[in-house]
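Asks: In full-length UniProt numbering, the protein residues as written are 1 to 383.
Quick one: the structure is below, and I'll ask about it shortly.
The following block contains the structure:
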């Protein structure tokens with residue numbers, strides 16, 4: 001290279017480590033600011049505006065509604081959904097947002113149109129941040145965690161929105177929080193144990209068994225009414241609870257009543273392991289009902305191997321807890337057995353489940369194009 005020719009010259013080397021100290025960088029200030037109406041910031045949020053362009057021809061607006069207002073209001077809802085999953089916005093977020101407010105359906109008429117028009121009026125103006133936040137706050141996290149079709153079903157059933165925080169009244173678009181049934185899960189788990197302990201202490205084994213069984217049946221029926229998977233097996237579950245309670249009351253024996261439960265759990269464990277021995281692990285068939293594995297993933301030998309090992313682990317856990325139950329029952333009182341098993345069972349079950357999930361997450365990554373168990377379960381299109 002001649003001395004007169006132009007060549008690249010890099011900047012002068014600076015001593016010391018690089019620091020994110022420029023005005024727009026918030027790393028040294030504790031990260032993104034948080035507080036009332038600041039929301040949860042996610043990555044690449046501006047991309048939602050690019051995605052929204054493709055939806056403009058599909059929007060069905062009524063008289064007096066403006067595309068700019070609709071886009072700004074619904075983009076805010078879409079960004080909230082994307083941030084809940086810790087990712088950039090995708091088209092499905094906008095499908096949910098526009099769909100919840102009915103902008104992809106036939107145009108509204110009458111009072112419903114007037115209410116929606118009032119809600120979105122002039123929100124595209126840059127001074128209307130508070131109004132946009134009000135629209136976003138109408139859609140709770142529980143609704144945004146649903147798939148697109150589930151969110152539309154919740155809207156049609158009147159369970160998709162929260163009360164209007166400004167006007168303090170429900171609107172035709174705003175419906176009570178759908179998370180109510182979830183709040184009773186802890187009570188559903190604790191009450192059978194509490195009923196057994198109290199009734200058994202006051203009126204004896206028969207009363208304790210009857211109280212715990214009736215509440216367990218009530219929980220099963222309630223979950224069916226909410227559309228949960230247990231509904232498919234409800235007749236078998238109710239029959240089992242009734243037969244077990246009847247035998248326990250008839251024999252008036254704690255050993256018989258609890259022995260039925262322990263024996264059932266051990267039998268389930270053996271049956272699970274048996275499906276692996278026969279070469280047909282049960283999780284291979286039923287795991288896709290919970291996690292959206294692709295057809296290619298399900299056909300891969302690595303998937304079958306992981307599901308087989310998980311099935312064996314689940315069966316071994318059932319057998320191990322059965323042995324623990326027998327040991328505990330023979331060394332404590334009836335009340336002590338029920339209480340200790342409940343207190344120990346929750347943390348042990350949670351720890352075992354988390355360990356199995358983390359192991360499966362790593363093991364499934366050997367399958368081509370499979371991002372892992374945890375990422376698949378976090379996807380908003382999960383059924």
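We put the beta carbon where it would ideally sit given N, CA and C, even for glycine.
All of these numbers come straight from a predicted model, not from anything done at the bench.
1. Specify the secondary structure class of residue 304 as computed by DSSP and reduced to three states.
2. Tell whether a beta-carbon distance below 9 Å holds between residue 116 and residue 101.
3. So for residue 8, helix, strand or coil by DSSP?
4. Could you give the C-beta distance for residue 104 and residue 48, rounded to a whole number, given that I count them as a contact under 8 Å?
5. In its own chain, which residues sit with a C-beta less than 7 Å from the C-beta of residue 325, not counting the 5 before and 5 after it?
6. In whole angstroms, what separates the C-alpha of residue 218 from that of residue 51?
7. What is the DSSP secondary structure of residue 298, reduced to helix, strand or coil?
8. I need the straight-line Cα distance from residue 46 to residue 372, nearest angstrom please.
9. Assuming the contact rule is C-beta atoms closer than 8 Å, residue 62 and residue 119 should be a hit. Round their C-beta distance to whole Å, please.
10. What do you get for residue 468, buried or exposed, if any count of 16 or more other CB atoms within 10 angstroms of its CB means buried?
11. Between residue 76 and chain B, is there a C-beta pair that is closer than 9 Å?
12. Where does residue 323 land, buried or exposed, given buried means 16+ other C-beta within 10 angstroms?
13. Using a 10 Å radius around the Cβ and a threshold of 16 neighbouring Cβ atoms, would you call residue 384 buried or exposed?
14. If you reduce the DSSP assignment to three classes, tell me which class residue 18 lands in.
15. Helix, strand or coil, according to DSSP, for residue 87 in the structure here?
16. Looking at residue 133: is its Cβ nearer than 9 Å to the Cβ of residue 76?
17. Which residue's Cα is closest to the Cα of residue 306: 65, 317, 282?
18. Among residues of its own chain, excluding the 5 on either side of residue 266, which ones have a beta-carbon nearer than 7 Å to its beta-carbon?
19. So the candidates are 331, 343, 256, 309; which of them puts its Cα closest to the Cα of residue 361?
20. Quick one: what's got a C-beta closer than 6 Å to residue 370's C-beta in the same chain, skipping five residues either side?
21. Taking residue 261 as part of the alpha helix (DSSP H), name the residues at either end of that continuous run.
22. Would you please state the rounded distance, in angstroms, between the beta carbons of residue 257 and residue 269? I believe it to be under 8 Å.
23. With a threshold of 7 Å on Cβ separation, who are the neighbours of residue 55 within its own chain once the five nearest residues in sequence on each side are excluded?
24. Taking 7 Å as the limit between beta carbons, can you name the residues of its chain near residue 229, skipping five residues before and five after?
25. Tell me the start and end of each unbroken alpha helix (DSSP H) in the stretch 85-159 that is at least 4 residues and wholly inside, in chain order.
26. How would you label residue 216, buried or exposed, when you count the other beta carbons within 10 angstroms and need 16 or more for buried?
27. For a test of the three-state rule: what should DSSP assign to residue 387, helix, strand or coil?
28. Using 8 Å for Cβ pairs, my map puts residue 273 next to residue 312. What's the rounded Cβ distance?
29. Report back the beta-carbon spacing between residue 88 and residue 44 to the nearest angstrom; my notes put them in contact at under 8 Å.
30. For residue 122, count neighbouring C-beta atoms within 10 Å of its own C-beta (all shown protein chains included) and say buried if the count is 16 or more, exposed if not.
31. If the criterion is Cβ atoms closer than 9 Å, does the pair residue 72 and residue 59 meet it?
32. For residue 244, which residues of its own chain have a beta-carbon under 6 Å away from its beta-carbon, when the five flanking residues on both sides are left out?
33. Can you give me the start and stop residues for the alpha helix (DSSP H) that residue 284 sits inside?
34. Shortest alpha-carbon distance to residue 66 belongs to which of 253, 22, 255, 113?
Replies: According to the structure data:
1. helix
2. yes
3. Note: residue 8 maps to coil in three-state DSSP.
4. At roughly 16 Å, the Cβ-Cβ gap does not stay under 8 Å, so residue 104 and residue 48 are not in contact.
5. 262, 341
6. 46 Å
7. helix
8. 28 Å
9. Rounded to the nearest angstrom, the Cβ distance from residue 62 to residue 119 is 12 Å, too far for a contact under 8 Å.
10. There is no way to answer for residue 468, as the model of the chain reaches only from 1 to 383.
11. No chain B is part of this structure, which consists of one protein chain only.
12. exposed
13. Summary: the structure shown does not reach residue 384, with the chain confined to residues 1 through 383, and so no result is reported for it.
14. coil
15. coil
16. yes
17. 282
18. Closer than 7 Å at the Cβ level, and outside the excluded window around residue 266, lie 318, 319, 322.
19. Of 331, 343, 256, 309, the residue nearest in Cα terms is 309.
20. 297, 364
21. 254-277
22. Contact doesn't hold; Cβ gap of about 20 Å is too wide.
23. 94, 98
24. Low confidence applies to residue 229: its pLDDT is 47, below 50, so where it sits in the model is not reliable, and the reading given next is rough at best. The answer is none, since no qualifying residue turns up.
25. 91-100, 110-120, 129-137, 141-144, 148-156
26. buried
27. It is not possible to answer for residue 387, since the shown part of the chain is limited to 1 through 383.
28. 6 Å
29. 4 Å
30. exposed
31. Taking 9 Å as the Cβ cut-off, residue 72 and residue 59 do not qualify as a contacting pair.
32. 260
33. 282-286
34. 113
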